[in-house]
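Asker:
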Amino acid sequence: MTRLVIFAKAPQPGTVKTRLIPALGAEGAAGLARRMLSHTLQQALAAGVGPVELCMSPAPGDAAWQSVALPTAVACTAQGEGDLGQRMASAVARITRQRQSVLLFGTDCPALTATHLAEAARQLAQHDAVLLPVADGGYILIGLKAPCPELFTDMPWSTSAVAAETQRRMAARDLRVWQGPTLHDIDEAADLTHLPLYFQEK
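Printed below as a string of structure tokens:
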């Protein structure tokens with residue numbers, strides 16, 4: 002079984018997509034984050050490859066999530082403590098120790114579709130790991146079958162080196178890796194040119 006785990010922050014003005022605030026304002030950036038979250042959940046459910054889990058910051062039940070409508074089919078969990086790498090490693094360990102494969106991804110990539118997710122799950126059945134890189138040098142999705150904390154420890158997050166360093170560490174472990182097509186995520190004003198019209202609604 003493959004579990005789809007989406008890492009997301011509550012779409013609150015001033016705390017999410019902050020690098021887009023100069024272009025969109027705090028409310029606009031939060032509104033875009035909300036639409037990208039909804040889109041990602043829809044695509045994960047449409048992929049039909051396994052259970053869908055929203056791993057949340059802050060934790061489920063926090064007031065920041067009160068106005069966010071979530072599909073009933075989505076399980077809600079807390080990201081927990083630690084930096085991004087520690088939280089990702091913890092989620093991967095928790096799920097793979099239950100004899101489930103995991104696809105872990107964020108909500109910053111409107112180009113990520115159910116088709117991409119289904120193919121990643123199919124490839125993970127035949128490989129040790131899968132990776133979907135993004136054009137800025139990071140990745141939007143990583144898939145694993147076993148805990149690999151070294152893929153997340155002391156990683157230069159939010160830099161152009163993340164995907165290459167992750168690939169280097171995978172190679173050092175002799176993992177069989179499938180890499181999908183390079184997509185575009187939406188982090189800064191210049192990225193807005195890659196935003197589909199649907200997401201540009203006010």
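Numbering (the numbering used here), first residue to last: 2 to 203. Virtual Cβ for every residue (Gly too), placed ideally from N, Cα, C. Here the structure is a predicted model, which is why all the values come from computation and not from measurement.
Rounded C-beta distance between E189 and L85? I'm assuming under 8 Å.
Answerer: E189 to L85, Cβ: 18 Å. No contact.
Asker: So is K203 buried or exposed if we call it buried at 16+ other beta carbons inside 10 Å?
Answerer: Annotation note: pLDDT 46 at K203 (below 50); position unreliable, no value reported.
Asker: In three-state terms, what does DSSP make of A9?
Answerer: It is a strand residue.
Asker: Can you name the residues that DSSP bridges to Q180?
Answerer: DSSP output for Q180 lists L132 as bridge partner(s).
Asker: The alpha helix (DSSP H) with L42 in it runs from where to where?
Answerer: I22 to A48 is the span of the alpha helix (DSSP H), which, as asked, contains L42.
Asker: Can you give the beta carbon distance from V163 to G138, rounded, assuming they're within the 8 Å contact cut?
Answerer: Confirmed, Cβ separation roughly 6 Å.
Asker: Could you name each continuous beta strand (DSSP E) segment of 3 residues or more that falls completely within the region 68-151, going from the start of the chain to the end?
Answerer: Listed in chain order, they are 76-79, 102-106, 130-134 and 140-145.
Asker: Does DSSP classify R170 as helix, strand or coil?
Answerer: The answer is helix: DSSP assigns R170 an H, G or I state.
Asker: Under 8 Å: do the region 21-39 and the region 89-97 share three or more Cβ pairs, one atom per stretch?
Answerer: The region 21-39 vs the region 89-97: no contact.
Asker: By the three-class DSSP mapping on this structure, what secondary structure does T3 have?
Answerer: Strand.
Asker: Ordered along the chain, which non-local residues of its own chain (more than five positions away) have a Cβ less than 6 Å from that of T114?
Answerer: Once the five neighbours on either side are set aside, the close Cβ partners of T114 are Q44.
Asker: Could you give the first and the last residue of the continuous beta strand (DSSP E) run that contains L55?
Answerer: From DSSP, the beta strand (DSSP E) with L55 extends over V53 to S58.
Asker: Tell me, to the nearest whole angstrom, how far the beta carbon of L132 is from that of Q87; I am working on the premise that it is less than 8 Å.
Answerer: Their Cβ separation, rounded to whole angstroms, is 20 Å, which puts L132 and Q87 out of contact at 8 Å.
Asker: For a cutoff of 8 Å on Cβ pairs, would you count A60 as touching chain B?
Answerer: The structure shown has no chain B; it contains just one protein chain.
Asker: Return the CA-CA distance between F153 and A9, expressed in angstroms with no decimal places.
Answerer: Taking the straight line joining both Cα atoms gives about 17 Å.
Asker: Tell me which residues share the same chain as S58 and place their Cβ nearer than 6 Å to its Cβ, disregarding the 5 neighbours each side in the sequence.
Answerer: Result list for S58: K10 and Q80, in chain order.
Asker: For my contact list, R170 and V103 are in at a C-beta cut-off of 8 Å; report their separation, rounded to the angstrom.
Answerer: With a Cβ gap of about 17 Å, R170 and V103 do not count as contacting.
Asker: Out of V17, T167, G107 and L71, state which residue places its alpha-carbon closest to the alpha-carbon of A30.
Answerer: Per the Cα distances, V17.
Asker: For H128, which residues in the same chain have their Cβ closer than 7 Å to its Cβ, ignoring the five residues on either side in sequence?
Answerer: Cβ within range, chain order: R177, V178 and W179.
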